[in-house]
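Residues are numbered in this note's numbering as their position in the sequence shown, beginning at 1, plus a constant of 90. Note that beta-carbon positions come from the ideal geometry of N, C-alpha and C, so glycine has one too.
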Amino acid sequence: MDWVDFSRSNPPLEAMDQVHTPRTVIRLPRVILLAYFDRLPCKELKLTRSNVFERDKDTCQYCGQVFAREDLNLDHVIPRDQGGKTTWENIVCSCIRCNSKKANRLPHQAQMRLIRKPVRPKWRPVISLVLGNQERERWKDFLDLAYWNVELED
Ligand SMILES: [Zn+2]
């Protein structure tokens with residue numbers, strides 16, 4: 091059965107659910123199934139202060155305690171003057187105490203250890219749709235489900 095036959099045997103109840111052609115009435119689909127897709131459009135996460143805090147969950151990466159953001163610094167694991175770059179792999183959240191204890195040294199020189207290896211976060215899928223009118227509002231549950239359940243890839 092194709093969609094036209096389906097529309098004939100299941101006439102839409104509301105005017106907003108249908109489109110008229112010269113010969114017939116077709117139901118507007120409520121959900122469009124993507125049978126094949128490569129991946130959702132992705133956006134590279136920018137290296138920003140708040141994104142680093144978010145990645146590290148406001149947790150000092152040396153002592154493992156959670157702090158308010160105003161009590162956290164960003165620390166270059168390899169200090170800049172020793173060639174450390176400002177990258178996802180070399181920037182971590184650090185509390186002020188750990189930050190001043192470590193000072194301008196490598197972690198092991200300060201007898202400190204990172205609680206986990208800093209990595210670039212996975213890319214995020216971005217769904218940008220204007221769900222303005224009522225028609226699109228009906229897609230929202232479906233889109234939310236796809237957003238939360240899609241397997242994230244690099
Ligand atoms: Zn700390």
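Coarse secondary structure for residue 188, derived from DSSP in three states: helix
Considering just the uninterrupted stretch of the alpha helix (DSSP H) at residue 95, what are its terminal residues? 93 to 99
Taking DSSP's pairing of strands, which residues face residue 149 in a bridge? 156
Is residue 187 near ligand 1, going by C-beta to nearest heavy atom under 7 Å? yes
Alpha carbon to alpha carbon, what distance is there between residue 134 and residue 94? 42 Å
Would residue 197 and residue 203 qualify as a contact pair, given that the criterion is a beta-carbon distance under 8 Å? yes
Would DSSP call residue 194 helix, strand or coil? coil
Tell me the DSSP secondary structure of residue 141 in three-state form. helix
Does DSSP put residue 172 in a helix, a strand or coil? helix
Would you kindly check if the distance between the Cβ of residue 98 and the Cβ of residue 114 is under 8 Å? yes
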